[in-house]
Amino acid sequence: MAAADELAFHEFEEATNLLAQTPDAAITRSDQLTPQGHVAVVMDSGGSYGADDEVESDKAALLQEEKQQPGFWTFGYYQSFFDVDTSQVLDRIKGSLLPRPGHNFVRHHLRNRPDLYGPFWICATLAFVLAITGNLTLVLAQRRDPSIHYSPQFHKVTVAGITIYCYAWLVPLALWGFLRWRRGVRERVGPYTFLETVCVYGYSLFVFIPTVVLWLIPVPWLQWLFGALALALSAAGLVFTLWPVVREDTRLAATVLLSTVVLLHTLLAMGCKFYFFQPLPLEHVAPPHQAMSQPPNTLPPTLPRSMAT
């Protein structure tokens, strides 16, 4: 029975009387009733959301600092365009070398993250390879024919650099501007950004680097075969990439645009072939056996004095 009495609920009269006399005692003495090391949280009208407001303001400040981008005149603005690793660059080079229908280079390889690292070094490498192989072609031709006079042509480096970089920047700029104009005419035409267009053109030139090296083989028909294959792969990559953008346009505009892209690419390849791989003119020197076979110059015979009179 003692155990049952202990488990029964008892009414504490002192506590009830205390609460009836001073109803605010639980709040005013809560700091004394709480054990040491614990904090009693008091929900009042003034400080209930103070801590939350401070946290939200800190988060907003951090997000604003992350979204704030540097100006285009600073190095930090262009640093993001060179923030790529080797695997990404190799994947994009592989995508430019193996174009196929239905495989969009921008969507499958760039993924809304165009870079300038790959196009910059591809253009620089192509320019130097063009100038070097152009000089090596003349050196090899001189070994086969000693009548060819060779002198180093350092100006070809400048010509190659200006040609390649102007093509890789001005043509995408014109293409981007044309697509922007067609977007105003046809609402369904959605152009790529300028950096995406530059990136597509830059990576499309990679196939010409090994082709230029193979042009050192002194077989004309083989050189033309390598050039045609490289041109077909590079132009096909551009057409397959641009087709999803221009297919919603009129048939005439799409045909003219894609034909112009292929024509400019062909002119670039043909110009490099004819300018950097043309042999020096032969020196017009008569062979030694022909020089010995010619009779020596003799004076006309003098007439006798009697016949002259």
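Residue numbers 1 to 309, in full-length UniProt numbering, belong to the letters of the sequence shown in order.
Cβ coordinates follow ideal geometry from the N, Cα and C atoms, glycine included.
If you draw a straight line from the C-alpha of residue i to the C-alpha of residue j, how long is it?
i: valine 171; j: serine 259; result: 14 Å
i: proline 101; j: phenylalanine 240; result: 6 Å
i: lysine 156; j: leucine 263; result: 24 Å
i: tryptophan 176; j: aspartate 145; result: 48 Å
i: serine 147; j: tyrosine 192; result: 53 Å
i: alanine 236; j: valine 245; result: 15 Å
i: glutamine 79; j: leucine 126; result: 23 Å
i: leucine 90; j: tyrosine 203; result: 10 Å
i: valine 261; j: proline 218; result: 30 Å
i: cysteine 123; j: aspartate 249; result: 31 Å
i: proline 114; j: phenylalanine 277; result: 34 Å
i: asparagine 135; j: phenylalanine 128; result: 11 Å
i: valine 139; j: lysine 273; result: 17 Å
i: leucine 97; j: threonine 266; result: 17 Å
i: valine 207; j: tyrosine 167; result: 15 Å
i: alanine 141; j: arginine 180; result: 49 Å
i: phenylalanine 82; j: histidine 149; result: 44 Å
i: tryptophan 221; j: isoleucine 209; result: 19 Å
i: alanine 232; j: histidine 108; result: 21 Å
i: alanine 230; j: serine 87; result: 23 Å
i: arginine 247; j: valine 213; result: 36 Å
i: threonine 137; j: leucine 216; result: 6 Å
i: phenylalanine 194; j: threonine 158; result: 26 Å
i: arginine 183; j: alanine 269; result: 30 Å
i: leucine 238; j: valine 106; result: 10 Å
i: arginine 92; j: tryptophan 169; result: 19 Å
i: aspartate 85; j: alanine 254; result: 35 Å
i: asparagine 104; j: cysteine 199; result: 13 Å
i: phenylalanine 178; j: leucine 205; result: 22 Å
i: tyrosine 275; j: leucine 242; result: 29 Å
i: threonine 133; j: tyrosine 165; result: 19 Å
Please tell me whether, using a cut-off of 7 Å, the distance from the CB of residue i to the nearest non-hydrogen atom of the ligand NAP is below it.
i: threonine 197; result: Only the bare structure without any ligand can be found here, which leaves the ligand NAP out of the picture.
Counting along the chain, where does the alpha helix (DSSP H) carrying residue i start and finish?
i: proline 244; result: 220-246
i: residue 310; result: Absent from the structure is residue 310, since the part of the chain shown begins at 1 and ends at 309.
i: valine 261; result: 251-276
i: phenylalanine 82; result: It is not in any alpha helix (DSSP H) - phenylalanine 82 carries neither H nor E in the DSSP assignment.
i: tyrosine 201; result: 194-204
i: valine 213; result: 208-214
With 16 as the cutoff for other CB atoms within 10 Å, does residue i come out buried or exposed?
i: phenylalanine 154; result: exposed
i: glycine 271; result: exposed
i: serine 151; result: exposed
i: arginine 143; result: exposed
i: serine 234; result: buried
i: leucine 110; result: buried
i: residue 341; result: Nothing about residue 341 can be reported from this structure: the residues present for the chain run from 1 to 309 only.
i: threonine 197; result: buried
i: glycine 227; result: buried
i: alanine 40; result: Low local confidence applies: a pLDDT of 45 at alanine 40 is under 50, so the model's placement there is unreliable, with the coordinate-based value given in what follows. Label assigned to alanine 40: exposed.
i: proline 119; result: buried
i: leucine 252; result: exposed
i: leucine 257; result: buried
i: valine 42; result: Annotation note: pLDDT 43 at valine 42 (below 50); position unreliable, coordinate value reported separately. So valine 42 counts as exposed.
i: leucine 130; result: buried
i: proline 99; result: buried
i: isoleucine 162; result: exposed
i: alanine 160; result: buried
i: tryptophan 121; result: exposed
i: alanine 174; result: exposed
i: threonine 211; result: buried
i: serine 293; result: Reliability fails at serine 293, whose pLDDT of 46 lies under 50, so the model's placement of it is uncertain and no value is given.
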